[in-house]
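Shown next, in structure tokens, is the structure this report addresses.
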């Protein structure tokens, strides 16, 4: 499994360590890997307990989890600081997540997306989500979860690969704007 968070990074680190410990204990005791949803549920119970008792502040972080198991295959989960979680095909968290979700609803085609079109969609969503005029590969991480030869692998794209994706998107966006401007001028 892999994860990503929005809001308080130190809380995300604490919860990530809890995930690792729980998964390793489960593997040691039962000799099989824990199911993704079971692991997410355990972590959400911890988060939810912290909202109920005095003297402890709740974890201030929303998290994504991606993973694969034999039971459900590829999975994406999101949870909020209260400990609620849900499984998704696509989703966004953080600043401007509503705007990013509108792009996903428009562009995501379940079962029809290649890795290349998923990259294009991801950069388009980041374009909507980030409050900057110029996107930077230094502020973006893109990871790929795949199954190859019976093994689940997670690969994080390097900065050069992310820069190429951003540059390609910016070129396509500029081309679209030029064509749109030319159409308006010919209609006049």
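In the working numbering, the protein residues as written are 62 to 249. Heads up, the beta-carbon is just placed ideally off N, CA and C, and yes, glycines get one too. Here the structure is a predicted model, which is why all the values come from computation and not from measurement.
In DSSP terms, what residue i is bridged to
i           : result
residue 66  : 124
residue 133 : Partner(s): none; residue 133 has no beta bridge.
residue 204 : 217
residue 146 : 140
Residue i vs residue j beta-carbon contact at 8 Å
i           : j           : result
residue 72  : residue 125 : no
residue 146 : residue 182 : no
residue 127 : residue 212 : no
residue 122 : residue 161 : no
residue 101 : residue 140 : yes
residue 80  : residue 129 : no
residue 109 : residue 148 : no
residue 227 : residue 198 : yes
residue 103 : residue 83  : yes
residue 157 : residue 189 : yes
DSSP-derived helix/strand/coil call for residue i
i           : result
residue 169 : coil
residue 212 : strand
residue 92  : coil
residue 113 : coil
residue 156 : coil
residue 140 : strand
residue 174 : coil
residue 71  : helix
residue 163 : helix
residue 106 : helix
residue 101 : helix
Beta-carbon separation (whole angstroms), residue i vs residue j, contact threshold 8 Å
i           : j           : result
residue 184 : residue 202 : Not confirmed; about 12 Å, so no contact.
Inspect the CB distances between the stretch 122-142 and the stretch 160-175 and report whether three or more fall short of 8 Å.
Here the stretch 122-142 does not lie against the stretch 160-175, with fewer than 3 beta-carbon pairs under 8 Å apart.
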